[in-house]
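K.L.:
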Amino acid sequence: MWQRLKRLWTQPEPAAEEAVEIMPDNIPVHIAIIMDGNGRWAKRRGLPRVAGHHAGMKAIKRVTMAANDLGVKVLTLYSFSTENWKRPQDEVEFLMKLPQEFLLLEIEELVQKNVQVRMMGWRDNVPPHTLAAVEEAIERTKENTGLILNFAFNYGSRLEILSAIRQLAEAVQQGHLTPEEITEEDVSACLLSADLPDPDMIIRTSGEIRISNFMLWQMAYAELWFTDIYWPDFDEPLFRKAVGEYQRRARRYGGL
Ligand code: V0D
């Protein structure tokens with residue numbers, strides 16, 4: 307009884323949102339999401355953490371389709387950080403099976419909906435079976451011209467910036483340019499997101515108000531949006547609420 311009541315009290319509201327008016331102009335071009343709260347979602351239900359990761363995968367499908375319908379061009383999803391290797395080995399092993407499972411279930415629809423899959427992160431350390439599934443999805447969708455579904459996977463922003471610094475230092479040492487000649491564009495071009503626009507909006511779920519080593523350089527002008535809802539409960543109405551809020555902010559601060 308107590309357990310049941312505690313669960314009722316402490317669970318976040320299901321994301322029951324009123325329909326939000328969205329203007330067809332001024333849709334954010336690039337939305338990046340920190341998909342937090344899978345473990346807590348599971349704990350609240352008395353389920354193992356991995357059940358939360360699995361439910362989180364279902365939310366990816368919903369949000370991808372919602373973003374595609376709205377005409378968003380790039381959806382970046384932070385699915386695994388370079389620090390996540392420190393988690394218990396059995397959890398890491400489970401996580402490394404999710405890309406395969408996700409792609410096995412969803413690839414046909416992604417192909418059919420004109421979605422292009424990409425990976426932003428370091429390929430080394432990723433188990434071969436995981437990487438093979440990701441590379442196959444990238445290959446099968448590379449000609450698609452619709453939404454870019456960009457998985458930040460084995461990604462960390464400081465390491466990304468450090469790598470850019472090393473590339474530029476190397477170029478200076480080789481005599482290709484001087485330190486004074488280095489531009490912001492040069493730095494952007496050395497990042498893993500080189501061929502993508504900067505995110506217009508960053509969403510983090512599950513009540514944490516931090517950026518946690520995610521797209522630190524690229525987020526310079528991004529609107530930040532936070533919700534207490536756990537990632538597995540994130541749905542289309544809540545996604546549309548976030549985009550509506552983005553549009554209200556852009557109307558207030560833009561155009562001056
Ligand atoms: C667990 C919530 C899809 C976040 C979503 C290994 C944590 C479910 C992918 C995926 C994960 C990655 C690359 C790709 C296709 C799919 C994924 C991880 C975790 C980290 F090309 N879900 N998902 N990757 N979870």
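According to the numbering used here, the stretch in the sequence shown is residues 307 to 562, in order. Glycine residues also receive a C-beta, built at the ideal position from the N, C-alpha and C atoms. These numbers were taken from a predicted model, which means no experiment stands behind them.
In chain order, what residues of the same chain lie with their CB nearer than 6 Å to the CB of E466, ignoring the 5 residues before and after it?
P.N.:
Stepping through the sequence shown from its first residue, residue 466 is reached at position 160. Cβ within range, chain order: L497 and L498.
K.L.:
G427 to M402, Cα distance in whole Å?
P.N.:
Here residue 427 is taken as the residue at index 121 of the sequence shown, counted from 1. Here residue 402 is taken as the residue at index 96 of the sequence shown, counted from 1. Approximately 14 Å, taken between the alpha carbons.
K.L.:
Please state whether DSSP places L314 in a helix, a strand or coil.
P.N.:
The residue you call residue 314 lines up with position 8 of the sequence shown. Here the model assigns L314 a pLDDT of 47, short of 50, so the residue's position is not dependable and the matter cannot be decided.
K.L.:
Quick one: is E529 buried, meaning 16 or more other Cβ sit within 10 Å of its Cβ, or exposed?
P.N.:
By 1-based counting over the sequence shown, the position of residue 529 is 223. Per the 10 Å Cβ criterion, buried.
K.L.:
Given this structure, state the Cα-to-Cα distance separating T436 from A475, to the nearest angstrom.
P.N.:
By one-based count along the sequence shown, residue 436 stands at place 130. By one-based count along the sequence shown, residue 475 stands at place 169. Near 33 Å, if we compare the C-alpha coordinates of A475 and T436.
K.L.:
So, for K364: in the same chain, excluding its five sequence neighbours on each side, which residues have a beta-carbon less than 8 Å away from its beta-carbon?
P.N.:
Walking along the sequence shown from the start, residue 364 turns up at place 58. If we look at K364 and ignore the five residues flanking it on each side, its Cβ neighbours are P538.
K.L.:
Report buried or exposed for K547, applying the criterion of at least 16 other Cβ atoms within 10 angstroms of its Cβ.
P.N.:
Taking the first residue of the sequence shown as position 1, residue 547 is located at position 241. Burial call: buried.
K.L.:
Is the stretch 475 to 485 close to the stretch 385 to 396, with three or more CB pairs under 8 Å?
P.N.:
Output reads no: the stretch 385 to 396 does not touch the stretch 475 to 485.
K.L.:
May I ask you to report which of helix, strand or coil DSSP gives I339?
P.N.:
Walking along the sequence shown from the start, residue 339 turns up at place 33. Residue state, collapsed to three classes: strand.
K.L.:
Taking contact to mean at least 3 C-beta pairs separated by less than 8 Å, is the stretch 429 to 448 in contact with the stretch 325 to 336?
P.N.:
They do not touch, by the three-pair rule.
K.L.:
Taking all protein chains shown into account, decide if Y552 is buried (16 or more other Cβ within 10 angstroms of its Cβ) or exposed.
P.N.:
Residue numbering aside, residue 552 sits at position 246 when the sequence shown is read from its first letter. Buried, by the Cβ-count rule.
K.L.:
When the Cβ atoms of the stretch 513 to 527 are set against those of the stretch 372 to 388, are three or more pairs found closer than 8 Å?
P.N.:
In short, these stretches touch, since the Cβ pair count reaches three.
K.L.:
Alpha helix (DSSP H) containing F400: first to last residue?
P.N.:
Taking the sequence shown and counting its residues from 1, the one referred to as residue 400 is at position 94. Segment Q395 to L401, the alpha helix (DSSP H) holding F400.
K.L.:
Suppose contacts are defined by Cβ-Cβ distances below 8 Å. Is V380 in contact with I333 by that definition?
P.N.:
The residue you call residue 380 lines up with position 74 of the sequence shown. The residue you call residue 333 lines up with position 27 of the sequence shown. Contact flag unset, no.
K.L.:
Using beta-carbon positions only, say whether V421 and L376 come within less than 8 Å of one another.
P.N.:
Taking the first residue of the sequence shown as 1, we reach residue 421 at position 115. Taking the first residue of the sequence shown as 1, we reach residue 376 at position 70. No, the Cβ-Cβ distance between V421 and L376 is not below 8 Å.
K.L.:
Using only the alpha-carbon positions, how far apart do E542 and V549 sit?
P.N.:
Working through the sequence shown from its first residue, we reach residue 542 at position 236. Working through the sequence shown from its first residue, we reach residue 549 at position 243. Straight-line Cα distance between these residues: approximately 11 Å.
K.L.:
Out of E407, V417 and F408, state which residue places its alpha-carbon closest to the alpha-carbon of T451.
P.N.:
Start at 1 with the first residue of the sequence shown, and residue 451 comes out as number 145. Answer by Cα proximity: V417.
K.L.:
Whole-angstrom Cβ separation of L453 and N374, contact assumed at under 8 Å?
P.N.:
Counting from one through the sequence shown, the residue named residue 453 turns up at place 147. Counting from one through the sequence shown, the residue named residue 374 turns up at place 68. With a Cβ gap of about 4 Å, L453 and N374 count as contacting.
K.L.:
Kindly provide the chain-ordered list of residues whose Cβ lies closer than 6 Å to any non-hydrogen atom of the ligand V0D.
P.N.:
Selection output, chain order preserved: M341, N344, H359, G362, M363, I366, S385, F386, L401, M402, L404, P405, F408, L409, V423, M425, V440, A443, F457, F459 and W537.
K.L.:
Look at the alpha carbon of I471 and the alpha carbon of V493, and state the distance between them as a whole number of angstroms.
P.N.:
Residue mapping note: residue 471 aligns to position 165 of the sequence shown, counting from 1. Residue mapping note: residue 493 aligns to position 187 of the sequence shown, counting from 1. Roughly 8 Å between the two C-alpha positions.
K.L.:
Just to confirm, is the Cβ distance from S512 to G352 under 8 Å?
P.N.:
Along the sequence shown, one-based indexing puts residue 512 at 206. Along the sequence shown, one-based indexing puts residue 352 at 46. No.
K.L.:
Please list the terminal residues of the continuous beta strand (DSSP E) segment that includes N460.
P.N.:
Position 154 of the sequence shown, counting from 1, holds the residue named residue 460. Per DSSP, N460 belongs to the beta strand (DSSP E) from I454 to Y461.
K.L.:
Run the proximity test for K364: is its beta-carbon closer than 7 Å to any non-hydrogen atom belonging to the ligand NAD?
P.N.:
Looking at this structure, you won't find the ligand NAD anywhere; what it does contain is the ligand V0D.
K.L.:
Would you list the residues sitting across from Q422 in a DSSP beta bridge?
P.N.:
Taking the sequence shown and counting its residues from 1, the one referred to as residue 422 is at position 116. Paired residue(s): I454.
K.L.:
Give the range of the beta strand (DSSP E) segment to which L530 is assigned.
P.N.:
One-based indexing of the sequence shown puts residue 530 at position 224. Note, L530: beta strand (DSSP E), E529 to F532.
K.L.:
Determine the extent of the beta strand (DSSP E) in which L290 is found, giving its start and end residues.
P.N.:
Here the chain comprises residues numbered 307 to 562, so residue 290 is not present and cannot be evaluated.
K.L.:
Taking the straight line between their C-alpha atoms, what separation do you get for N460 and R554?
P.N.:
Sequence index remark: in the sequence shown, residue 460 carries index 154 (1-based). Sequence index remark: in the sequence shown, residue 554 carries index 248 (1-based). Distance between the alpha carbons of N460 and R554: 34 Å.
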